Amino acid sequence: MTASRTGLGFDLHPLVDGRPLVLGGITVPSSRGLGGHSDADVLTHAVCEALLGALALGDLGRMFPDTDPRWKGVSSLVLLEGVMEALARKGARPVNLDATVICQEPRLGSHLPAMAERLAKTMGVAPEQVSVKAKSPEHLGLLGRGEGIAAMAVVSVEMP
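Numbering-wise, numbering that gives the first Met the number 0 puts 129 at position 130 of the sequence shown, and it's gapless, one number per residue.
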């Protein structure tokens, strides 16, 4: 008999000048990117947090501390690969991912399929098991003022 677990992830980073905007492993054309220790990919970070949470394995900062120079500027897909290895050691596998990116701009609609595909490939699941959506904060709060981008993710995981 298999057990089913659910994990919830969230991340938020400020928009800054001089960095590329990477979401779900895809570089999105933008005049600003996200500030952070790694590539600051909030979507992939939220997915990692959800996967770690599903198995009560702590959080991304504990697994890949920003005090460790090895993770400076690293692609968040490398972090996701590390999280997937941790799941595999527990015999767990993701069944479904549903994620939402929240930003005022840029408009992400045309990039969402590529993000979902890249995440599915990195997670080793079929594309139809991954949903990535975008929502506007309707000009409300720090996200609505264009100060940052946030992402949320929910995953279902099966394990023995």
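Backbone N, C-alpha and C fix where the C-beta goes; we use that ideal spot for every residue, glycine too.
Predicted model only: the values in this text are computed from it and were never measured.
A straight-line Cα-Cα distance of about 16 Å links P19 and L11.
Assignment of M0 by DSSP, reduced to helix, strand and coil, places it in the coil class.
In the assembly as shown, H44 is a buried residue. Its beta-carbon has 16 or more other beta-carbons within 10 Å.
Non-local beta-carbon contacts of A2 in its own chain, meaning distances under 6 Å to residues more than five positions away in sequence, involve M158 in chain order. Taking C-beta separations shorter than 6 Å and ignoring five residues to either side along the sequence, the partners of F63 in its chain run W70 and L78, following chain order.
About 14 Å separates the CB atoms of G23 and L50; that is not less than 8 Å, and the two are not in contact. In the pairwise beta carbon analysis, the stretch 51 to 60 is classified as not touching the stretch 122 to 140: fewer than three pairs are separated by under 8 Å. One Cα belongs to L42, the other to K132, and the distance between them is close to 10 Å.
In the structure shown, the three-state DSSP call for A45 is helix. Taking 4 residues as the minimum length, the alpha helix (DSSP H) runs contained wholly in the stretch 130 to 155 are 140 to 143, in order along the chain. Under DSSP, no beta-bridge partner is assigned to E127. Within its own chain, the residues whose Cβ lies closer than 7 Å to the Cβ of G72, once the five positions on either side in sequence are excluded, are S37 and D38, listed in chain order. Under the DSSP definition of a beta bridge, P13 partners with G147.
A straight line joining the alpha-carbon of N95 with that of V156 spans about 7 Å. Under the DSSP assignment, G60 falls outside any beta strand (DSSP E), being part of the alpha helix (DSSP H) whose first and last residues are L59 to M62.
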